[in-house]
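Asker: Take the sequence shown: its letters are residues 3 to 481, numbered as in our numbering.
Note that beta-carbon positions come from the ideal geometry of N, C-alpha and C, so glycine has one too.
Here you go, one structure.
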Amino acid sequence: MLCVHMGGYDSFYYVGVLMVLVTFTAILPLTALQAGISGILLYAIYAVPIVLFSEPTTQSLKFFFSNSFFFVFFIAITVLQCYEETRVRERECRLKVEMDSLAGRLSYYAHNLEAEVERRMKDLEESEVRYRELYENIIDIVLLIDRNAKILMANPRFYEAIGIPLSQKIEFSFMNLVSDPDITLIERMISRLAIEQSVKDFQFRIKNRTGKVFDVECNAKCIYKDGDLVGFQMVIRDITVRKKLEQDLIDSYKNVQSARNATILGLAKLAEYRDADTGAHLERIREYSRVLAVELSKNPSYANYITADYVEDIYNSSILHDIGKVGIPDTILLKPGRLTLEEFEVVKRHSSLGGEALKAVEAKIDGQSFLSLGKEIAFYHHEKWDGSGYPLGLKGEQIPLSARIVALADVYDALTSKRVYKEAYSHEKAMEIIVNERGTHFDPDVTDAFIALAEDFQAIRCHMIEDKQDDVQQEGCAV
3 MLCVHMGGYD SFYYVGVLMV LVTFTAILPL TALQAGISGI LLYAIYAVPI VLFSEPTTQS
63 LKFFFSNSFF FVFFIAITVL QCYEETRVRE RECRLKVEMD SLAGRLSYYA HNLEAEVERR
123 MKDLEESEVR YRELYENIID IVLLIDRNAK ILMANPRFYE AIGIPLSQKI EFSFMNLVSD
183 PDITLIERMI SRLAIEQSVK DFQFRIKNRT GKVFDVECNA KCIYKDGDLV GFQMVIRDIT
243 VRKKLEQDLI DSYKNVQSAR NATILGLAKL AEYRDADTGA HLERIREYSR VLAVELSKNP
303 SYANYITADY VEDIYNSSIL HDIGKVGIPD TILLKPGRLT LEEFEVVKRH SSLGGEALKA
363 VEAKIDGQSF LSLGKEIAFY HHEKWDGSGY PLGLKGEQIP LSARIVALAD VYDALTSKRV
423 YKEAYSHEKA MEIIVNERGT HFDPDVTDAF IALAEDFQAI RCHMIEDKQD DVQQEGCAV
């Protein structure tokens with residue numbers, strides 16, 4: 003109403019209203035919406051009384067619209083200002099909340115970090131104490147050497163083993179302690195260590211200050227600093243006692259083997275001594291069997307079957323092939339003439355007698371035994387590839403390989419040796435007979451191996467002839 007009394011449409015009262023609007027928005031933290039509503043209300047306070055109670059004229063309307071334009075303009079400016087101020091206040095509020103949260107987290111982490119550092123320092127100290135105790139009390143030698151093998155650090159056990167005072171400063175190379183024959187081994191080990199990063203169970207010998215040499219086993223690994231190889235850590239264990247026990251065990255095993263082989267040979271000699279004409283028959287048989295087995299092992303079909311142990315076993319057990327002859331009467335076994343059918347049937351029993359005897363012995367032995375081959379050989383060395391042999395008439399690969407090998411070796415030796423009922427054949431004649439029996443009497447593979455070893459058979463035969471003066475003329479061996 004004041005606006006109406008002051009001139010209505012021509013009144014400058016709107017200036018006061020504008021001042022109120024500006025002051026109002028400047029003092030109060032209004033949002034854009036609140037500022038807009040406040041501006042509209044103030045404009046209504048200005049405009050409604052004028053419109054309702056004043057008489058409009060052309061001039062007054064111009065002033066009214068002009069004032070209204072500026073009023074609306076100021077309202078818009080005020081709304082924009084409040085909008086920006088609201089955004090700033092919200093951003094400041096968020097930042098404050100984030101700062102408070104970050105400060106809280108930093109305080110939490112700082113507290114926990116201090117506790118974690120304290121805990122880890124304690125663990126590190128305990129670890130160092132444990133490592134020091136282990137380092138000083140371990141029974142093994144612990145060394146740190148550089149890339150040139152110079153000793154950088156050693157535990158007390160090293161000083162004790164080498165025989166130098168603990169207070170003495172180490173100023174020598176590890177190579178000075180290595181036994182002379184093993185220096186090249188250590189040089190290769192260090193070269194290998196630099197490539198493979200670690201070496202385990204490497205055995206060599208070292209010597210102490212008095213010159214005593216002892217066996218050691220070494221585990222070593224590389225030491226790096228800032229990515230560069232600076233040296234090696236070595237853990238060395240004295241295995242002198244262990245090596246001695248191993249050697250004693252090996253010697254004991256060799257003694258047992260020697261005693262076993264001597265027993266086998268003595269047992270086989272029981273049959274051979276009854277026939278003075280057989281000479282070194284057993285020694286030749288096992289040599290023939292050995293070289294045949296080795297030659298057959300080169301054949302892919304037998305490579306996985308004929309191992310080094312197999313060769314050794316057939317060498318030792320082949321001499322038992324005729325052990326059953328101890329059960330054949332001398333009147334038949336040493337008869338100079340042709341045997342009757344009945345006598346030959348008695349002789350044929352020797353394979354079964356020998357096989358059964360070895361089978362009975364084998365049953366008393368736990369685990370695999372060389373007697374398994376001996377039993378096979380005794381039973382089946384008179385079987386033939388075509389099935390016409392005895393005692394069971396086995397054919398082809400039904401016959402154990404060991405028996406097929408000894409069968410050829412036995413026939414070759416029988417052909418080239420003098421007997422009460424015949425003279426010795428030459429090597430060439432014996433070869434001819436055996437080759438003609440390939441695939442009938444003898445295994446084709448074994449026969450092929452024999453052909454490849456013809457010179458070896460001749461050399462073995464000539465080397466083991468006992469009475470060369472008598473045999474040279476008949477067998478063609480050089481004196």
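Tell me the DSSP secondary structure of S200 in three-state form.
Answerer: Here residue 200 corresponds to residue number 198 of the sequence shown, with the count starting at 1. Note: S200 maps to strand in three-state DSSP.
Asker: Would L355 and G391 qualify as a contact pair, given that the criterion is a beta-carbon distance under 8 angstroms?
Answerer: Residue numbering aside, residue 355 sits at position 353 when the sequence shown is read from its first letter. Residue numbering aside, residue 391 sits at position 389 when the sequence shown is read from its first letter. No, the Cβ-Cβ distance between L355 and G391 is not below 8 angstroms.
Asker: Kindly list the residues whose CB is nearer than 6 angstroms to the CB of G38, restricted to its own chain and excluding five residues on each side of it in sequence; keep chain order.
Answerer: Counting from 1 along the sequence shown, the entry for residue 38 is found at position 36. Counting only Cβ-Cβ distances below 6 angstroms, and skipping sequence neighbours, we find V81.
Asker: Compare the C-alpha of D311 against each of L251, E425, Q259 and name the closest.
Answerer: Taking the first residue of the sequence shown as position 1, residue 311 is located at position 309. The shortest Cα separation from D311 among L251, E425, Q259 belongs to Q259.
Asker: Measure from the alpha carbon of E92 to the alpha carbon of each residue in A282, F71, A295, T33, then state which is nearest.
Answerer: As a first step, residue 92 must be located in the sequence shown, where it is residue number 90. Nearest of A282, F71, A295, T33 to E92, Cα basis: T33.
Asker: How about S390: is its C-beta nearer than 8 angstroms to some C-beta of chain D?
Answerer: This model lacks chain D altogether; it includes just one protein chain.
Asker: Where does the unbroken beta strand (DSSP E) through K234 begin, and where does it stop?
Answerer: Counting from 1 along the sequence shown, the entry for residue 234 is found at position 232. The amino acid at residue 234 is misidentified as Lys; the sequence shows Phe. 230-240 is the span of the beta strand (DSSP E), which, as asked, contains F234.
Asker: Check E439 in the structure and name its three-state DSSP category.
Answerer: Mapped onto the sequence shown, residue 439 falls at position 437. In the structure shown, E439 sits in coil (DSSP, three-state: anything other than H, G, I, E or B).
Asker: Measuring CA to CA, which of F66, V53, I77, F67 is closest to L44?
Answerer: Within the sequence shown, residue 44 is the residue found at index 42, counting from 1. It is I77 whose Cα lies nearest to the Cα of L44.
Asker: Under 7 angstroms Cβ to Cβ from I308, same chain only, skipping five residues before and after it: list those, please.
Answerer: Position 306 of the sequence shown, counted from the first residue, corresponds to residue 308. Around I308: A295, L298, S299.
Asker: Closer than 7 angstroms by C-beta to I435: which residues in its own chain qualify, once you throw out the five before and the five after it? Chain order, please.
Answerer: Counting from one through the sequence shown, the residue named residue 435 turns up at place 433. Cβ neighbours of I435 beyond the five flanking positions: L417.
Asker: Do you know offhand how far I401's Cα is from E385's?
Answerer: As a first step, residue 401 must be located in the sequence shown, where it is residue number 399. As a first step, residue 385 must be located in the sequence shown, where it is residue number 383. About 7 angstroms.
Asker: So S320 and I287 are supposed to be a Cβ contact under 8 angstroms. How far apart are they, rounded?
Answerer: Looking up residue 320 in the sequence shown gives position 318. Looking up residue 287 in the sequence shown gives position 285. With 8 angstroms as the limit, S320 and I287 qualify as a contact, their Cβ atoms being about 5 angstroms apart.
Asker: Going by other Cβ atoms of all chains shown within 10 Å of its Cβ, with 16 needed for buried, is D332 buried or exposed?
Answerer: What you label residue 332 is simply residue 330 of the sequence shown in a count that begins at 1. With fewer than 16 Cβ atoms within 10 Å of its Cβ, D332 is classed as exposed.
Asker: Write down every uninterrupted run of the alpha helix (DSSP H) in the segment 399-456 whose length is 4 residues or greater and which is fully enclosed by it, in chain order.
Answerer: If we require 4 residues or more, the alpha helix (DSSP H) runs fully inside the segment 399-456 come out as 403-417, 429-438, 446-454.
Asker: How would you write the range of the beta strand (DSSP E) that V144 sits in, first residue to last?
Answerer: In the sequence shown, counting from the first residue as 1, residue 144 sits at position 142. Per DSSP, V144 belongs to the beta strand (DSSP E) from 143-148.
Asker: Given that a residue counts as buried once 16 or more other Cβ atoms are within 10 Å of its Cβ, and exposed if not, what is C220?
Answerer: Stepping through the sequence shown from its first residue, residue 220 is reached at position 218. So C220 ends up on the buried side.
Asker: Which whole-angstrom value is the C-beta distance of F459 and Y290, which I expect to be below 8 angstroms?
Answerer: Within the sequence shown, residue 459 is the residue found at index 457, counting from 1. Within the sequence shown, residue 290 is the residue found at index 288, counting from 1. With 8 angstroms as the limit, F459 and Y290 qualify as a contact, their Cβ atoms being about 6 angstroms apart.
Asker: Could you name the residues that DSSP lists as bridge partners for N221?
Answerer: By one-based count along the sequence shown, residue 221 stands at place 219. For N221, which the question treats as bridged, DSSP gives the partners V237.
Asker: Which residue wins for smallest C-alpha separation from V293, given the options N306, A282, D315, S303?
Answerer: Within the sequence shown, the letter at position 291 stands for residue 293. Measuring from the Cα of V293, the nearest candidate turns out to be D315.
Asker: Quick check on A282: does DSSP put it in helix, strand or coil?
Answerer: On the sequence shown, residue 282 is found 280 positions in, with the first residue counted as 1. Coil, per DSSP.
Asker: Less than 8 angstroms between the CB atoms is what I'm expecting for A380 and S419, so what's the real figure, rounded?
Answerer: Taking the first residue of the sequence shown as 1, we reach residue 380 at position 378. Taking the first residue of the sequence shown as 1, we reach residue 419 at position 417. Incorrect: roughly 20 angstroms between the Cβ atoms, too far for contact.
Asker: Exposed or buried, S169, counting other C-beta atoms within 10 Å across all chains shown (16 or more means buried)?
Answerer: Here residue 169 is taken as the residue at index 167 of the sequence shown, counted from 1. By the 10 Å Cβ count, S169 comes out exposed.
Asker: Quick check on the burial criterion: 16 or more other C-beta atoms within 10 angstroms. Buried or exposed for Y226?
Answerer: Counting from one through the sequence shown, the residue named residue 226 turns up at place 224. Y226 is exposed by the Cβ-count criterion.
Asker: Give the straight-line distance between the Cα atoms of G213 and D230, rounded to the nearest whole angstrom.
Answerer: Along the sequence shown, read from residue 1 onward, the residue named residue 213 stands at position 211. Along the sequence shown, read from residue 1 onward, the residue named residue 230 stands at position 228. Going by the C-alpha atoms only, they are around 36 angstroms apart.
Asker: For F205, list the residues DSSP reports as bridge partners.
Answerer: On the sequence shown, position 203 is the one that residue 205 refers to. Here residue 205 turns out to be Gln, not Phe, going by the sequence shown. Answer is E219, bridged to Q205.
Asker: Based on the DSSP output, what are the partners of S175 in its beta bridges?
Answerer: Within the sequence shown, the letter at position 173 stands for residue 175. Paired residues: K152.
Asker: Going by DSSP, which residues form a beta bridge with V180?
Answerer: Looking up residue 180 in the sequence shown gives position 178. For V180, which the question treats as bridged, DSSP gives the partners I208.
Asker: Can you name, in chain order, every residue of its own chain whose Cβ lies under 6 angstroms from the Cβ of E425, other than the five neighbours on each side?
Answerer: Against the sequence shown, residue 425 aligns to sequence position 423. So the list is empty, once near-sequence residues are dropped.
Asker: Measuring only the C-alpha atoms, how far is Y427 from E457?
Answerer: Walking along the sequence shown from the start, residue 427 turns up at place 425. Walking along the sequence shown from the start, residue 457 turns up at place 455. Cα to Cα, the separation comes out at about 16 angstroms.
Asker: Y226 bridges to which residues according to DSSP?
Answerer: Within the sequence shown, the letter at position 224 stands for residue 226. According to DSSP, which records beta bridges pairwise, Y226 is partnered with L231.
Asker: Do I208 and V243 have their C-beta atoms within less than 8 angstroms of each other?
Answerer: The residue labelled residue 208 in the question sits at position 206 within the sequence shown. The residue labelled residue 243 in the question sits at position 241 within the sequence shown. In this structure, V243 does not lie closer than 8 angstroms to I208 by Cβ.
Asker: In this structure, how does DSSP classify L343 when only helix, strand and coil are distinguished?
Answerer: The sequence position of residue 343 within the sequence shown is 341, counting from 1. Residue state, collapsed to three classes: helix.
Asker: Rounded to a whole number of angstroms, what is the C-alpha to C-alpha distance between F67 and S103?
Answerer: Within the sequence shown, the letter at position 65 stands for residue 67. Within the sequence shown, the letter at position 101 stands for residue 103. Approximately 53 angstroms between the Cα atoms of the pair.
Asker: Buried or exposed: where does S200 fall if 16 or more other Cβ atoms within 10 Å of its Cβ makes it buried?
Answerer: What you label residue 200 is simply residue 198 of the sequence shown in a count that begins at 1. With fewer than 16 Cβ atoms within 10 Å of its Cβ, S200 is classed as exposed.
Asker: Among A46, K98, Y85, L360, which residue has its Cα nearest to the Cα of F73?
Answerer: For the purposes of this step, residue 73 is identified with residue 71 of the sequence shown, where counting begins at 1. When only C-alpha atoms are compared, the closest one is A46.
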